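Asks: Residue numbers (our numbering): 41 to 245.
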């Protein structure tokens with residue numbers, strides 16, 4: 041059996057964040073890199089094969105994702121240093137800030153890069169009157185270089201293809217959520233009670 045080391049990049053969204061906090065948002069080994077800020081543990085385990093590493097970048101305080109861009113170069117350096125002795129087999133980056141970091145790690149280790157938008161900049165720019173110029177420029181670079189784009193719906197897949205001129209065959213649909221028709225048995229219920237609730241937005245805390 042082939043065993044993979046998967047690195048997940050989400051600077052602004054912590055997969056172990058509690059519901060209601062600002063950052064809430066079976067591979068063989070998964071490492072999630074997200075941003076550390078004051079009050080957070082540097083390391084938490086999801087399971088024996090999955091862990092969250094929180095790395096400092098910028099000030100110690102929580103930073104909203106819209107203001108993280110100036111610190112992404114600093115953030116990118118640390119995963120590369122930590123992974124040098126045991127490189128990843130694949131990278132999965134989340135949201136455009138995670139994608140920016142993912143490109144740097146992809147370039148360094150020469151490994152496949154999967155990218156999930158979470159929200160699409162060009163669509164948001166049509167309804168929210170903010171400056172999305174830097175974000176959209178980065179998204180265009182990410183989708184050009186990444187090996188695979190993950191969309192959450194078929195509609196999103198077609199929007200990404202149309203707006204960013206990405207071939208449809210480069211975009212896979214992986215629906216979010218759970219399988220409602222599956223009813224867990226008693227052993228599964230007891231197992232799930234012991235597991236943390238995980239919400240992953242991209243890669244930052």
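By construction, the Cβ of each residue, glycine as well, lies at the ideal position given by its N, Cα and C atoms.
Since this is a predicted model, take the numbers as computed values, not measurements.
Using C-beta distances below 6 Å, list every residue in its chain close to residue 178, excluding the 5 sequence neighbours before and after it, in chain order.
Replies: In the chain shown, residue 178 corresponds to position 138, counting from 1. Contacts found: 136 and 140.
Asks: Drop a sphere of 10 angstroms on the beta-carbon of residue 208, count the other beta-carbons inside from all chains shown, and report buried for 16 or more, exposed for fewer.
Replies: Position 168 of the chain shown, counting from 1, holds the residue named residue 208. Flag for residue 208 reads exposed.
Asks: Would you report the Cα separation of residue 61 and residue 200, rounded to the nearest angstrom?
Replies: Translated into the one-based positions of the chain shown, residue 61 becomes position 21. Translated into the one-based positions of the chain shown, residue 200 becomes position 160. With a pLDDT of 45 at residue 61, under the threshold of 50, the predicted position of this residue should be treated as unreliable, and no value is reported.
Asks: Inspect the beta-carbon positions of residue 129 and residue 151 and report whether they are closer than 8 Å.
Replies: Start at 1 with the first residue of the chain shown, and residue 129 comes out as number 89. Start at 1 with the first residue of the chain shown, and residue 151 comes out as number 111. Against a cut-off of 8 Å, the Cβ pair of residue 151 and residue 129 comes out as a contact.
Asks: Quick one: grab the DSSP three-state call for residue 172.
Replies: Walking along the chain shown from the start, residue 172 turns up at place 132. In this structure, residue 172 counts as coil in the three-state DSSP scheme.
Asks: Going along the chain, which residues of its own chain have a beta-carbon closer than 6 Å to the beta-carbon of residue 111, five neighbours each way excluded?
Replies: Counting from 1 along the chain shown, the entry for residue 111 is found at position 71. Once the five neighbours on either side are set aside, the close Cβ partners of residue 111 are 97 and 98.
Asks: Do residue 185 and residue 214 have their C-beta atoms closer together than 8 Å?
Replies: Indexing the chain shown from 1 puts residue 185 at position 145. Indexing the chain shown from 1 puts residue 214 at position 174. No. Outside cutoff.
Asks: Which partner residues does residue 120 have in the DSSP bridge list?
Replies: Here residue 120 refers to the residue found at position 80 of the chain shown. DSSP, once it has assigned bridges, lists no residue as partnering residue 120.
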